Amino acid sequence: MRKDVMRALAQVRVVIATMTAVAIIYFRSVHVCYIAFGGCIAAIVAKTLKIIIRQPRPAPLSKSVLPQAKGYGMPSSHSLVSAFFGVYLQALLLYGSQHPLLTLVAILVVNGFCCSVYLSRVHLGNHSPAQVTVGGILGSFIALFWYWQWLNIFAPWLQIHGQETIQNLFIYFGLNPSLIDYIYLH
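Just so you know, this note's numbering puts 114 at position 9 of the sequence shown, and the rest follows in order with no gaps.
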């Protein structure tokens with residue numbers, strides 16, 4: 106059972122990408138696309154910092170469930186991206202939800218998921234605790250900055266110019282303008 110959980114957590118990249126794609130398709134919201142783009146930016150930041158810092162991963166564990174990951178380890182990109190999505194979702198829930206009990210349960214689930222990702226990266230021998238901690242902190246800061254940008258720059262701009270801009274993009278790319286009705290500008 107424990108090995109199965111670790112194998113599943115090793116594939117967290119696929120889980121997050123799938124959940125993001127489902128959210129984009131289900132909500133059809135500019136905001137969800139903005140969050141997904143932020144996750145991509147967070148991943149690029151992690152990969153760029155790994156190249157700059159060049160800190161090796163910890164020595165392989167003899168009891169490791171999976172083969173040792175390749176490349177550099179600082180910061181943990183899994184931890185950084187998980188923290189980005191986790192903190193962004195928590196900010197959305199804390200400042201946008203009308204249901205306190207649902208908010209609490211969702212925050213507990215999100216935190217549990219993020220903590221399981223952090224612990225699995227160390228347990229699998231792919232990262233040191235410091236690499237996971239730095240990834241979590243950086244991902245949190247990027248998420249808070251991204252959320253602040255949404256509230257103070259993009260959401261107000263969309264309220265004023267969003268419909269016209271989306272319509273012009275549809276015309277430019279030769280798409281049917283009636284599809285605009287299926288996109289939520291929030």
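Glycine included, C-beta positions come from ideal geometry on N, C-alpha and C.
Model, not experiment: these values are computed from the prediction.
Discussion item. Tell me the rounded alpha-carbon separation between G176 and I158.
Written reply: 12 Å
Worksheet item: In this structure, does DSSP put S233 in helix, strand or coil?
Response: In the structure shown, S233 sits in coil (DSSP, three-state: anything other than H, G, I, E or B).
Worksheet item: Can at least three beta-carbon pairs, one atom from the stretch 207-218 and one from the stretch 133-147, be found at a separation below 8 Å?
Response: Flag = no, the stretch 207-218 and the stretch 133-147 do not touch.
Worksheet item: Which whole-angstrom value is the C-beta distance of V237 and S182, which I expect to be below 8 Å?
Response: Not quite, the Cβ-Cβ distance comes to about 11 Å (not below 8 Å), so this is no contact.
Worksheet entry | 8 Å Cβ cutoff met for V192 and A148 | no
Discussion item. So, at 7 Å on beta carbons, what are the nonlocal neighbours of C219 in its own chain, with the 5 sequence-adjacent residues on each side left out?
Written reply: S187, A188 and G191
Discussion item. So, at 7 Å on beta carbons, what are the nonlocal neighbours of S202 in its own chain, with the 5 sequence-adjacent residues on each side left out?
Written reply: T208
Worksheet item: DSSP on S225, reduced to helix/strand/coil?
Response: S225: helix per DSSP, three-state reduction.
Practice prompt. Answer yes or no: do A151 and G240 have a C-beta to C-beta separation smaller than 8 Å?
Written response: yes
Worksheet item: With a CB to CB cut of under 6 Å and the five nearest residues on each side skipped, what residues in its chain are close to W251?
Response: G143
Item to complete: Could you check the C-alpha separation between V135 and V227 for me, to the nearest Å?
Response: 35 Å
Worksheet entry | Extent of the continuous alpha helix (DSSP H) run through A164 | Element bounds for A164: n/a, residue is neither H nor E.
Worksheet item: Can you tell which of I265, N257 and L185 has its C-alpha closest to the C-alpha of L154?
Response: L185
Worksheet item: Around the C-beta of W253, are 16 or more other C-beta atoms found within 10 angstroms, so that it is buried, or is it exposed?
Response: exposed
Discussion item. Rounded to whole angstroms, what is the Cα-Cα separation between H232 and V222?
Written reply: Straight through space, the alpha carbons of V222 and H232 are spaced by roughly 11 Å.
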